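*Asks:* Residue numbers (my numbering), protein chains in the order written: chain A, 5 to 149; chain B, 2 to 485.
A virtual CB, placed ideally from N, CA and C, is assigned to each residue, including glycine.
Quick caveat: nothing in here was measured; it's all calculated off a predicted structure.
Pasting a structure below so you can have a look.
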């Protein structure tokens, strides 16, 4: 796929019988992790209805890149379900070795204002494999809802 | 979809088999009829059942029920038993993220005629009393971690001790509402954080609370023992261990990746990550799983009391005058240590049921005393537009499927597919036209959960009935539903 910088990174939901999936891609692992996180956020809440009022740091560890990605995304699920933090935006600050650190911008969940979508229970390993196609990293992640 | 990589043969009217070959330790056995088999073959469920057959220490077969569809590692609608004395493993994926997702049925002495005129009011009151949906919390005063540790150990008994329901409810609950061996130290801080505010909440997705009418009784003797008869109102509660269980499964899936490396176990799919039953990792997971299972029972016990209070609010009287009594409570995502006949002798096996229900026979010590002559009640929820079933376990189930059966209708359509199908339609109005009042919290829940998204529960249940595994006792239809 050719085209400008916009197409070299992105995310998109995909079909799955009982749950929901996100396909994410980026020019680096960092971009991939950000796009996967953005995809997850869109499944949980409409980000445009959330104010990026405060910042929350998130970090995760994993022995292999796919385990690291799953751990990273599970941190976001945790922030939403346990701490009722609705994210509007996400940024990877550092990704190296077996750790990733990032920032979530958002606010406390308010069901009246926020368009809440799915209740994501967890991130699964189902069919998860980080692939390199040319110079683009790509992954499909399925979430249990 | 690629071409099939397996050989499937019919071994009896309702059983199909994939013979053991290659890395499979045992065959796959699928309970289905020809039409359901067609649906089953459309996704990866059979391939997943084959992967399960490759796990160490699996005994006799990797089973799939008629409502099976693909899941994480193990298919949903799968049953697999492992022998602790033969290198058997325990696998969190074989239980699922929603540990002890299950169903409770409560009978009442109320008739449809009495309740129908008040159904909207009743549904509204239930919606107020039982929190559901994303972010729902704080049904009961805030619990601290110390109290939550007690919930982990005591399960349903904790709820009863705190004024939610009766001891009799526990007598009519699988495992009496608490698995032994719960280890609160095996639960992470994250899981406690997620679990603390969610006790007594319904959750979302396919979870629900339903007011049903018993439309048809098939087995008078069993129905009488269970306390149901035609025209009476019953209540069903379908939910699990909420964020507490989901986080616990997530935590242990991660731990199990390390265990795979440590014990040199090869699995075709990371979701099948497992550890030997006697290993520290295996024991720790089972201790954590028991905590989550007990949390779910405390949850269902709490919700059932909140439900009774809503009924009393609207209809007056009390438990006794309303004829309220528990029928049963079953889990359909769990691992249990059970004694089964294997070959010439008996062995204790670790039976994994993921989207499958225990179905014990008459005479079994775990079948509650009031039902012992008849067998264990089995609760099979359908989708909110059609029907649910009450069934009974049999000796044949014990012999063929480790005393197990299906769990519900199973999905056929993706959530996005269902939302697309629902465009321009009001599912709520369609259900109302069928005489079903629905209140739901989420925007898209009703569309995602629409009847067309599910398999035909009548067909699924018929297979298990015709196969002699679980016998139909009654068919129930909803008149009121609340969903997250």
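With 8 angstroms as the C-beta to C-beta threshold (strictly closer), list the residues of the stretch 104-125 of chain A near chain B in chain order.
*Replies:* Here the close residues are 113, 115, 119, 120, 121, 122, 123, 125.
*Asks:* Comparing the C-beta of residue 62 of chain A with each C-beta of chain B, is any distance below 9 angstroms?
*Replies:* Output row for residue 62 of chain A: interface = no.
*Asks:* Would you say residue 263 of chain B reaches chain A, if we count a Cβ-Cβ gap shorter than 9 angstroms as a contact?
*Replies:* It does not; no Cβ of chain A falls within 9 angstroms.
*Asks:* Can you tell me where the beta strand (DSSP E) with residue 58 of chain A in it begins and where it stops?
*Replies:* Unbroken beta strand (DSSP E) run through residue 58 of chain A: 58-65.
*Asks:* Looking only at DSSP bridge pairs, what is residue 17 of chain A linked to?
*Replies:* Beta-bridge pairing links residue 17 of chain A to A:26.
*Asks:* Taking a cut of 9 angstroms between CB atoms, which residues from the stretch 235-251 of chain B lie near chain A?
*Replies:* Within the stretch 235-251 of chain B, the qualifying residues are 243, 244, 246, 247, 248, 250, 251.
*Asks:* Who are the neighbours of residue 82 of chain A on chain B, taking C-beta pairs under 9 angstroms?
*Replies:* Per Cβ cutoff of 9 angstroms: 191, 194, 195, 244, 248, 251.
*Asks:* In terms of residue numbering, what span does the alpha helix (DSSP H) encompassing residue 353 of chain B cover?
*Replies:* That residue, residue 353 of chain B, is in no alpha helix (DSSP H); its beta strand (DSSP E) goes 346-355.
*Asks:* For residue 312 of chain B, which of B:151, B:210, B:192, B:299 has the nearest alpha-carbon?
*Replies:* The shortest Cα separation from residue 312 of chain B among B:151, B:210, B:192, B:299 belongs to B:210.
*Asks:* Below 6 angstroms CB to CB, which residues in the same chain sit around residue 440 of chain B once its five sequence neighbours on both sides are set aside?
*Replies:* Closer than 6 angstroms at the Cβ level, and outside the excluded window around residue 440 of chain B, lie 124, 128, 483.
*Asks:* Just list the alpha helix (DSSP H) runs in the stretch 375-431 of chain B, keeping only unbroken ones of 4 residues or longer that don't cross its boundaries, in chain order.
*Replies:* Segments of the alpha helix (DSSP H) lying fully in the stretch 375-431 of chain B: 396-401, 416-422.
*Asks:* For the stretch 401-426 of chain B, which residues have a CB atom closer than 9 angstroms to at least one CB atom of chain A, in sequence order?
*Replies:* So the close ones are 411, 412, 413, 414, 415, 416, 417, 418.
*Asks:* Please report the straight-line C-alpha distance between residue 182 of chain B and residue 49 of chain B, rounded to a whole angstrom.
*Replies:* Between residue 182 of chain B and residue 49 of chain B, the C-alpha separation is close to 30 angstroms.
*Asks:* When the cut-off is 9 angstroms and only beta carbons count, does residue 73 of chain B lie next to chain A?
*Replies:* Taking Cβ atoms only, chain A reaches closer than 9 angstroms to residue 73 of chain B, which makes this a yes.
*Asks:* For residue 307 of chain B and chain A, any beta-carbon pair shorter than 9 angstroms?
*Replies:* By this cut-off, residue 307 of chain B is not an interface position.
*Asks:* Ignoring anything shorter than 4 residues or poking outside the stretch 102-136 of chain B, list the alpha helix (DSSP H) runs there in chain order.
*Replies:* The stretch 102-136 of chain B contains these whole alpha helix (DSSP H) runs: 113-116, 120-130.
*Asks:* So, helix, strand or coil for residue 119 of chain A, using DSSP?
*Replies:* If DSSP states are grouped into helix, strand and coil, residue 119 of chain A belongs with coil.
*Asks:* Return the CA-CA distance between residue 73 of chain A and residue 66 of chain A, expressed in angstroms with no decimal places.
*Replies:* Between residue 73 of chain A and residue 66 of chain A, the C-alpha separation is close to 8 angstroms.
*Asks:* Would you decide whether residue 139 of chain A is buried or exposed? Buried here means 16 or more other CB atoms lie within 10 Å of its CB.
*Replies:* So residue 139 of chain A counts as exposed.
*Asks:* Taking 8 angstroms as the cut-off, does the stretch 327-347 of chain B touch the stretch 99-111 of chain B (at least 3 CB pairs, one atom from each stretch)?
*Replies:* Judged by Cβ distances under 8 angstroms, the stretch 99-111 of chain B makes contact with the stretch 327-347 of chain B, as three or more pairs qualify.
*Asks:* Helix or strand or just coil, what does DSSP make of residue 95 of chain B?
*Replies:* Of the three classes helix, strand and coil, the one that applies to residue 95 of chain B here is helix, per DSSP.
*Asks:* Within the chosen definition, does the stretch 59-72 of chain B reach the stretch 305-322 of chain B through at least 3 CB pairs nearer than 8 angstroms?
*Replies:* No: fewer than three Cβ pairs fall under 8 angstroms.
*Asks:* So, does the CB of residue 128 of chain A fall closer than 9 angstroms to a CB anywhere in chain B?
*Replies:* Judged by the 9 angstroms Cβ criterion, residue 128 of chain A is in contact with chain B.
*Asks:* Determine which residues share a DSSP beta bridge with residue 240 of chain B and list them.
*Replies:* Answer is B:103, bridged to residue 240 of chain B.
*Asks:* Spatial neighbours of residue 279 of chain B within its chain, please: CB distance less than 7 angstroms, with the 5 preceding and 5 following residues excluded, ordered by chain position.
*Replies:* Within the same chain, residue 279 of chain B has close Cβ partners 85.
*Asks:* Using DSSP's beta-bridge definition, name the partner residues of residue 143 of chain A.
*Replies:* Answer is A:28.
*Asks:* Short of 7 angstroms Cβ to Cβ, which residues in the stretch 89-104 of chain B face chain A?
*Replies:* Answer set for the stretch 89-104 of chain B: 98, 99.
*Asks:* Is there a C-beta anywhere in chain A that falls below 9 angstroms from the one on residue 267 of chain B?
*Replies:* It does not; no Cβ of chain A falls within 9 angstroms.
*Asks:* Considering only their Cβ atoms, is the gap separating residue 223 of chain B from residue 393 of chain B smaller than 9 angstroms?
*Replies:* Yes, the pair counts as a contact, with Cβ atoms nearer than the cut-off.
*Asks:* Roughly how many whole angstroms lie between the Cα atoms of residue 403 of chain B and residue 132 of chain B?
*Replies:* So the alpha carbons of these two residues sit roughly 36 angstroms apart.
*Asks:* Taking Cβ-Cβ distances shorter than 8 angstroms, what residues in chain B pair up with residue 71 of chain A?
*Replies:* Neighbours of residue 71 of chain A on chain B, chain order: 255, 258.
*Asks:* If we cut at 9 angstroms on Cβ distances, does residue 270 of chain B have a partner in chain A?
*Replies:* So, interface residue.
*Asks:* Just to confirm before moving on: does the CB-CB distance between residue 486 of chain B and residue 288 of chain B stay below 9 angstroms?
*Replies:* Summary: the structure shown does not reach residue 486 of chain B, with chain B confined to residues 2 through 485, and so no result is reported for it.
*Asks:* Find the residues of chain A that neighbour residue 283 of chain B, judging by a C-beta separation of less than 9 angstroms, and give them in chain order.
*Replies:* The contacting residues do not exist; residue 283 of chain B stays about 19 angstroms from chain A at best.
*Asks:* Residues of chain A with CB closer than 8 angstroms to the CB of residue 204 of chain B, please, in chain order.
*Replies:* Near residue 204 of chain B (Cβ distances below 8 angstroms), the residues of chain A are 123.
*Asks:* Can you grab the Cα-Cα spacing for the pair residue 463 of chain B / residue 412 of chain B, in whole Å?
*Replies:* Going by the C-alpha atoms only, they are around 17 angstroms apart.
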